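In our numbering, the protein residues as written are 767 to 993. Every residue gets a Cβ at the ideal spot worked out from N, C-alpha and C, and that includes glycine. Keep in mind the model is a prediction, meaning the values are calculated, not measured.
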């Protein structure tokens, strides 16, 4: 069995928020689902690193969840900055269970074991050196990642980190996030959020002993990245 990752699907089957208007996103839903079915088999795991659905509520995002549930594999969902439907873990899990969405799982203050790895993560934040609000959000996200990595430690499995926001981009560096990953011996980090020309400044490769990979859907040309 295999693990795949992708971010920033920006699905909108239940609301009027088409992505086809943006360069590179033409016919993206067909491209994504075709690639997914070619690559993923039942029993595989797919981590979706945020910005999953444009739905403003769980109910509005339901058709997007049903689309994901219809695709092969176990899906592990991580929050992005545009996931306005995101709610408490209990409410999301009850929503999925009540509607028979059995292949969807939430990664939040937790880790998920798959194929001998502990999948960890949180949304993250880019502006650690900004104002007081930014510092508060960054500290909260750091705490969530630490909790996730602590859970990984309980499994005894090597941790892999998934973030929505890039921990490094241009002149912005989430130093505390990187320090935390080094503290827990993380060797791989996957992140999304970046699109278009911003991808040209994305870190791809090793930095401070960690291998970083951008997994935004359009950057991957709507093919999932195999770990």
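Please classify residue i: is it buried, with 16 or more other beta-carbons within 10 angstroms of its beta-carbon, or exposed?
| i | result |
| --- | --- |
| residue 777 | buried |
| residue 823 | exposed |
| residue 959 | buried |
| residue 787 | exposed |
| residue 809 | exposed |
| residue 767 | exposed |
| residue 894 | Legend: pLDDT at residue 894 = 49, less than 50; position of this residue unreliable, no value from coordinates given. |
| residue 881 | exposed |
| residue 902 | exposed |
| residue 970 | exposed |
| residue 1013 | Since the first residue shown for the chain is 767 and the last is 993, residue 1013 is missing from the structure and cannot be characterised. |
| residue 841 | buried |
Let's see if you can read the secondary structure: which residues bound the alpha helix (DSSP H) around residue i?
| i | result |
| --- | --- |
| residue 801 | 794 to 805 |
| residue 981 | Element bounds for residue 981: n/a, residue is neither H nor E. |
| residue 945 | 941 to 949 |
Any idea what DSSP makes of residue i, helix, strand or coil?
| i | result |
| --- | --- |
| residue 768 | coil |
| residue 894 | Because the pLDDT at residue 894 is just 49, under 50, the model does not fix this residue reliably, and the point stays unresolved. |
| residue 781 | coil |
| residue 954 | strand |
| residue 970 | coil |
| residue 862 | helix |
| residue 773 | strand |
| residue 989 | coil |
Hey, could you find the ends of the beta strand (DSSP E) residue i is sitting in?
| i | result |
| --- | --- |
| residue 870 | 870 to 872 |
| residue 879 | 877 to 880 |
Flag residue i as yes if its beta-carbon sits less than 8 angstroms from any beta-carbon of chain B, otherwise no.
| i | result |
| --- | --- |
| residue 911 | As a matter of chain content, chain B is missing from the structure shown, which is built from one protein chain. |
Item to check | contact_flag[the region 859 to 866, the region 975 to 985] where n(CB pairs < 8 angstroms) is 3 or more | outcome: Segments in contact, no.
Checklist entry - Which full runs of the alpha helix (DSSP H) of 4+ residues lie inside the region 803 to 846, going along the chain? => result DSSP runs (the alpha helix (DSSP H)) wholly in the region 803 to 846: 828 to 836.
Next on the checklist: Which runs of the beta strand (DSSP E) at least 3 residues long sit entirely within the region 882 to 933? Give them in chain order.
Outcome noted: If only complete runs of 3 or more residues are kept, the region 882 to 933 shows the beta strand (DSSP E) at 883 to 888, 925 to 929, in order along the chain.
Item to check | Validate contact between the region 831 to 838 and the region 800 to 820 using beta carbons, cut 8 angstroms, 3 pairs | outcome: Yes, since at least three Cβ pairs between the region 831 to 838 and the region 800 to 820 fall closer than 8 angstroms, the two stretches touch.
Next on the checklist: For the region 979 to 986 against the region 773 to 791, do three or more pairs of beta-carbon atoms, one drawn from each stretch, fall closer than 8 angstroms, so that the two count as touching?
Outcome noted: Three or more Cβ pairs drawn from the region 979 to 986 and the region 773 to 791 lie within less than 8 angstroms of each other, which places the two stretches in contact.
Checklist entry - With a cut-off of 8 angstroms, do at least 3 Cβ pairs link the region 950 to 957 to the region 910 to 930? => result Put simply, the region 950 to 957 touches the region 910 to 930. At least three CB pairs are less than 8 angstroms apart.
Checklist entry - Counting pairs of beta carbons, one from the region 846 to 854 and one from the region 914 to 922, are three or more of them closer than 8 angstroms? => result The region 846 to 854 and the region 914 to 922 do not touch, with fewer than 3 CB-CB distances between them shorter than 8 angstroms.
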